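Residues 40 to 173, numbered by the numbering used here, are exactly what the sequence shown covers, in order. C-beta atoms are modelled at their ideal positions from N, C-alpha and C, and glycine is treated no differently. Note that the structure is a prediction, hence the values are computed from the model and not measured. To start, the structure under review is shown below, and the notes come after it.
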Amino acid sequence: MKTSVFALAALIAAPLAAQTTTQTTVTTSVPATQPAPVTTDQLNAATAAAVDARAQAQAVQQAEETAQHRADRDAYMAALVAHDRAVDRMDARYARQQAAYADAMAAWRLQVEDCRRGRTRACNAPTPQPADFY
40 MKTSVFALAA LIAAPLAAQT TTQTTVTTSV PATQPAPVTT DQLNAATAAA
90 VDARAQAQAV QQAEETAQHR ADRDAYMAAL VAHDRAVDRM DARYARQQAA
140 YADAMAAWRL QVEDCRRGRT RACNAPTPQP ADFY
């Protein structure tokens with residue numbers, strides 16, 4: 040039985056012995072031509088310069104777009120004013136046409152009334168034309 044205990048102890052100790060290996064450190068030499076590492080301050084400075092350049096480019100582009108936007112808006116307003124003037128002229132012309140037609144109809148009614156009363160001159164007169172009342 041003692042042998043079996045020693046055999047069992049040997050079996051248990053074998054994996055433990057395998058796990059206790061020595062670690063070796065590998066060192067490599069750095070060649071002299073390798074650049075020095077970049078510091079955080081250097082990275083921040085480079086990034087800040089790029090961000091500033093992009094911000095300036097965006098500011099210039101925004102100014103150009105704003106100027107173009109103003110020019111487009113001014114051109115639109117000028118076209119709108121011209122259109123409104125044309126519409127106002129058409130509205131005024133239409134109002135004059137309506138008034139002329141209404142005046143011609145009023146003259147025609149008077150002419151018909153005079154003709155019914157026996158005035159032959161009113162019966163023989165031509166029908167009033169709206170163009171005569173402009």
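Asked, Found
"According to the Cβ coordinates, are A143 and D153 closer than 8 Å?", "no"
"What did DSSP end up calling R156 once you bin it into helix, strand or coil?", "coil"
"Quick one: any contact between the segment 166-173 and the segment 135-142, if contact means 3 or more CB pairs under 8 Å?", "yes"
"Measuring straight from C-alpha to C-alpha, what distance separates D113 and A134?", "31 Å"
"Please state the DSSP three-state secondary structure of Q73.", "coil"
"Cα separation between A121 and A110?", "17 Å"
"CA-CA distance, A131 and Q95?", "53 Å"
"In whole angstroms, give me the CA-to-CA distance for N83 and Q97.", "21 Å"
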